[in-house]
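Here's the structure we're looking at; comments come further down.
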Amino acid sequence: MRSRNLSIIIPFYRGENFIKMCLENIYKNTTGDFEVIISSDGFDSKDFLFHLREKFDVKVIMNPRGGFAQTCNRGAEISKGENIVFLNQDVFVGENWNEPIIYLLQKEYVGAVGIKLLYEDGKIQHAGICFNIFSEPIHIYRKKEGSFISANKEREFQAVTGAVIGIRREVFEKVKFSTDYFFSCEDIDLCFRIRKAGLKVIYTPHSYGIHLESSSEKSERIDKIRRSALKKLIARWGKYIEKDEFKKYIEDKEFLILFKRVFTYTFRIIFSFPEHLFPTKENNAQSYLS
Numbered sequence: 393m394r395s396r397n398l399s400i401i402i403p404f405y406r407g408e409n410f411i412k413m414c415l416e417n418i419y420k421n422t423t424g425d426f427e428v429i430i431s432s433d434g435f436d437s438k439d440f441l442f443h444l445r446e447k448f449d450v451k452v453i454m455n456p457r458g459g460f461a462q463t464c465n466r467g468a469e470i471s472k473g474e475n476i477v478f479l480n481q482d483v484f485v486g487e488n489w490n491e492p493i494i495y496l497l498q499k500e501y502v503g504a505v506g507i508k509l510l511y512e513d514g515k516i517q518h519a520g521i522c523f524n525i526f527s528e529p530i531h532i533y534r535k536k537e538g539s540f541i542s543a544n545k546e547r548e549f550q551a552v553t554g555a556v557i558g559i560r561r562e563v564f565e566k567v568k569f570s571t572d573y574f575f576s577c578e579d580i581d582l583c584f585r586i587r588k589a590g591l592k593v594i595y596t597p598h599s600y601g602i603h604l605e606s607s608s609e610k611s612e613r614i615d616k617i618r619r620s621a622l623k624k625l626i627a628r629w630g631k632y633i634e635k636d637e638f639k640k641y642i643e644d645k646e647f648l649i650l651f652k653r654v655f656t657y658t659f660r661i662i663f664s665f666p667e668h669l670f671p672t673k674e675n676n677a678q679s680y681l682s
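Residues 393 to 682 in our numbering are what the sequence shown spells out, letter by letter.
What follows is the structure, encoded as structure tokens:
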């Protein structure tokens with residue numbers, strides 16, 4: 393087993409079609425000393441994961457079904473690294489992806505780091521999370537080209553996605569993922585607690601990965617759980633949420649996007665459509681189903 397300056401924790405749930413390629417990219421593109429831990433949410437894939445343990449230099453822990461937060465926390469409990477990265481099973485990391493994360497985590501004022509995530513076609517999936525006028529989290533510039541200038545600025549956000557999030561161990565041990573959520577909004581809740589502790593959440597485009605998105609489960613039941621989690625998030629952090637989506641567009645001089653969003657929200661308000669009936673391309677910024 394490698395020495396453990398970095399612990400890469402992969403929360404696993406029904407990811408047999410993705411995890412092997414995920415691991416291959418980790419070992420190909422990660423520099424320095426690191427360990428990899430697969431933390432399974434449930435026992436369904438026990439034999440498969442134990443086979444991976446023999447093939448790759450990884451630790452595997454099996455947990456009762458408990459959701460994203462509990463699975464991540466359990467993985468962190470057995471990890472040894474000074475820095476921790478939680479990485480989705482359907483994310484394929486790019487070359488030297490860990491270096492910008494570690495560089496930023498060495499700064500005392502940084503509590504968490506998120507990276508640029510792309511769809512398979514090269515378009516933006518994640519470039520930071522902000523909040524719209526309804527206090528809903530959105531992936532800003534989602535579906536824009538990967539080279540889109542405004543999505544390639546290293547800067548502070550209120551939150552970043554938990555699909556790939558780096559945190560110093562000393563910080564994570566103080567906050568951890570809240571198990572009040574099952575598999576939605578845990579990442580955003582974590583970022584708010586990090587910021588409440590006086591630390592910053594930074595997005596960097598200098599590290600990237602390909603995210604297949606929503607590999608583990610999709611259903612109407614899942615959508616209901618997501619909406620319930622969002623209500624819980626807003627109830628808990630409503631007074632801390634800054635509705636900064638428009639502010640970001642103005643800061644980036646993206647006035648055409650701003651105009652389109654104003655039109656979209658005006659239409660939604662007039663006709664009183666809830667978000668799940670009138671979705672936008674930038675909504676649903678959530679955990680390992682994001």
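Glycine included, C-beta positions come from ideal geometry on N, C-alpha and C.
For clarity, every value in this text was computed on a predicted model and none was experimentally measured.
With a threshold of 8 Å, are at least 3 pairs of Cβ atoms found where one atom belongs to the stretch 615-632 and the other to the stretch 567-574? The stretch 615-632 vs the stretch 567-574: in contact.
Taking 7 Å as the limit between beta carbons, can you name the residues of its chain near LYS640, skipping five residues before and five after? CYS522 and ILE532
In chain order, what are the residue ranges of uninterrupted alpha helix (DSSP H) at least 4 long that sit wholly in the stretch 574-635? 578-588 and 612-629
Determine, using beta carbons only, whether ALA543 and PRO597 come nearer to each other than 8 Å. Between ALA543 and PRO597, the C-beta spacing is below 8 Å.
Write down the C-beta distance between VAL502 and LYS592 rounded to the nearest angstrom, noting that I regard them as a contact closer than 8 Å. 6 Å
Using the Cα positions of ILE401 and LYS412, report the straight-line distance between them to the nearest angstrom. 14 Å
Helix, strand or coil, according to DSSP, for SER682 in the structure here? Per-residue confidence for SER682 stands at a pLDDT of 40, beneath the threshold of 50, marking its modelled position as unreliable; no derived number is given.
Could you give the residue range of the alpha helix (DSSP H) that holds PRO492? 490-497
What does DSSP give as the partner residues of CYS414 in its beta bridges? According to DSSP, CYS414 shares a beta bridge with no other residue.
Let me make sure I understand the geometry here. Which of PHE659, PHE647, ILE580 and GLY601 has the alpha-carbon closest to that of GLU634? ILE580
Span separating the alpha-carbon of PHE477 from that of ILE662: A small correction: the amino acid at residue 477 is Val; Phe does not occupy that position in the sequence shown. For VAL477 and ILE662, the distance between alpha carbons rounds to 42 Å.
Taking the beta strand (DSSP E) that ILE401 belongs to, which residues open and close that run? Counting along the chain, ILE401 sits inside the beta strand (DSSP E) bounded by residues 398-404.
Nearest to ARG457 (by Cα), restricted to the options ASP449, ASP436, ALA468 and GLY467: For ARG457, the nearest C-alpha among the options comes from ASP436.
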